[in-house]
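To start, the structure under review is shown below, and the notes come after it.
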């Protein structure tokens, strides 16, 4: 099972709607496949120009390590040099905070990840989760 | 004037529709702003996983140099070392072939670029142009 | 469908056996998944130390572009600056010659790639294909 | 004396068997030679896609510094900026935690290193050591 473009669009639209509903700052949302490659991305008007890289970094670390943003943040807080080293081997592409959310199929296998950035990390994660669930998928924040 | 997310969505949808109409291979489409930063991206089901980087490279070179893909290709064919050097200063992020299309406002100012990849370079450029025009904007291939 | 570790082992062993049967120089063989990530690799005794990167580069470009080594070589010969630019966006990780072989499932979808290096590019490709077919899969050289 | 491919295979198989025996999460195992170059690697089904880079980073730092993962971790905890600087000179390829295990010959000379990732760092190291000892070699965790 993989995330189709149709499902990726739903994830992004519903995550952005959730942000508007919660009156969050403008969000940016990326959806990656099971290999960490971009399926779709949108940046809301008013968001800072560099938001693609942050959204991507949250989702990329999640899928490459098989570890969602919350777990990565705990590891970074407990053993900062380890997550710094992980970032080295992944070319500096990992942003280890909430807002990187793993997407799993019904058997629990990771089929991709969603990265959201723009508001607080916890709000970013809530928006990502809303999008994932609206697409009928299961998310791990 | 800038490319809004709403217009970027139109560009992408219409470029993909053009590809389907012409029976092209699955396409990937990116829209960048006037600073070369990603506004939106979509990769059709069945496209190779690495297509984001190629689409981005076509659009990024266009907006950074203010020179569309066709002009870049001519320069690369006539003076390969120059485009290689350009790629050096831009961190290897430029793919100098058609499919990178500049977007201009009514006064002719560059407000962004579109990058399309998946079929032949010329077909990629045709799909990009169709998307840009459907959004009421003017493209330079 | 994906390439299991069991199938990857078969591909590598049979590719190496083919090399021994054809009296090729010591080979190195990598198997990547559909996202371009390493499943398994072996370097025969007597091979040069840097062979992982060459084997990986052949397979990585194949899966990222959805284009096998032979097609990449043709493109590189006809439009050298294009493949150089592709290498830029993929971080210099592409080696566009035969020996990078796409692996497809029964419906034709790319499920990974095999990279072989050590002898001539054509012999490398032959060894890769022998391994892929011994695993009951279909290869595109 | 060097680690032959035959011995590398034994190391990997026995490390993976140890992981299954201890009911660890899916493991990934790399074997490097005395120059820090890859001899063999395997990633178990179900492991996250980015595990090659982590396994490699554990083994690479070990062999390049002549210092196993446990010693590297102590240094990172006591003098984080030193290990960060080490990573700078080695291109960000070092992951300084247990699971990077030095392999020594009978005279004590380093002939390579093994990197294991997937479970806790200590369990990773135990699996690596089991593999090395099964191959009749001596490991330093």
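Residue numbers (our numbering), protein chains in the order written: chain B, 6 to 146; chain H, 6 to 146; chain W, 6 to 146; chain S, 6 to 146.
Glycine is no exception: its CB is placed at the ideal position from the N, C-alpha and C atoms.
Would you kindly check if the distance between the Cβ of residue j and the Cβ of residue i is under 8 Å?
i: residue 123 of chain H; j: residue 56 of chain H; result: yes
i: residue 62 of chain W; j: residue 107 of chain W; result: no
i: residue 41 of chain S; j: residue 77 of chain S; result: no
i: residue 101 of chain B; j: residue 74 of chain B; result: yes
i: residue 135 of chain S; j: residue 20 of chain S; result: yes
i: residue 52 of chain S; j: residue 17 of chain S; result: no
i: residue 93 of chain W; j: residue 92 of chain H; result: yes
i: residue 12 of chain S; j: residue 132 of chain S; result: no
i: residue 10 of chain B; j: residue 49 of chain H; result: yes
i: residue 43 of chain B; j: residue 34 of chain B; result: no
i: residue 81 of chain H; j: residue 121 of chain H; result: no
i: residue 85 of chain H; j: residue 86 of chain W; result: yes
i: residue 89 of chain S; j: residue 89 of chain B; result: yes
i: residue 103 of chain W; j: residue 137 of chain W; result: no
i: residue 54 of chain H; j: residue 72 of chain W; result: no
i: residue 6 of chain B; j: residue 129 of chain B; result: no
Based on DSSP bridge pairs, tell me the residues matched to residue i.
i: residue 46 of chain S; result: W/46 and S/35
i: residue 109 of chain H; result: H/115 and H/143
Q. Mind listing which residues of the stretch 28-58 of chain W have their C-beta closer than 8 Å to chain H's C-betas, in chain order?
A. Cβ contacts with chain H: 39, 40 and 41.
(Q) Threshold first: 3 residues or longer. Then list the beta strand (DSSP E) segments lying entirely within the stretch 53-102 of chain W, N to C. (A) Within the stretch 53-102 of chain W, no complete beta strand (DSSP E) run reaches 3 residues.
(Q) Please give me, in chain order, every unbroken run of the alpha helix (DSSP H) with length at least 4 that falls completely inside the stretch 112-142 of chain H. (A) Restricted to the stretch 112-142 of chain H, the alpha helix (DSSP H) segments that are unbroken, complete and at least 4 residues in length are 126-139, listed in chain order.
Q) Should the stretch 107-118 of chain S be regarded as contacting the stretch 36-52 of chain S, the criterion being three or more beta carbon pairs within less than 8 Å? A) Below 8 Å, enough C-beta pairs join the stretch 107-118 of chain S and the stretch 36-52 of chain S to call them touching: three or more.
Q.
Please identify, using Cβ separations under 9 Å, the residues of the stretch 89-110 of chain B that lie next to chain S, in order along the chain.
A. For the stretch 89-110 of chain B, which is checked against every Cβ of chain S, the residues closer than 9 Å are 89, 90, 91, 92, 93, 94, 95, 96 and 97.
Q.
Check whether the stretch 63-82 of chain W and the stretch 11-31 of chain W touch, using three or more Cβ-Cβ pairs below 8 Å as the test.
A. Contact annotation: the stretch 63-82 of chain W does not touch the stretch 11-31 of chain W, with fewer than three C-beta pairs closer than 8 Å.
Q) For the stretch 9-24 of chain W, which residues have a CB atom closer than 7 Å to at least one CB atom of chain S, in sequence order? A) Look at the stretch 9-24 of chain W: the residues with a C-beta under 7 Å from a C-beta of chain S are 9 and 10.
Q) Taking any Cβ of chain B, which residues in the stretch 116-130 of chain S have a Cβ under 8 Å from it, in chain order? A) Across the stretch 116-130 of chain S, no CB contact with chain B closer than 8 Å is found for any residue.
Q) For the stretch 76-87 of chain H, which residues have a beta carbon sitting closer than 9 Å to at least one beta carbon of chain W? A) Residues of the stretch 76-87 of chain H with a C-beta less than 9 Å from any C-beta of chain W: 78, 81, 82 and 85, listed in chain order.
Q) If you measure beta-carbon to beta-carbon, which residues of the stretch 59-73 of chain W are closer than 8 Å to chain H? A) Those would be 68, 69, 70, 71 and 72, in chain order.
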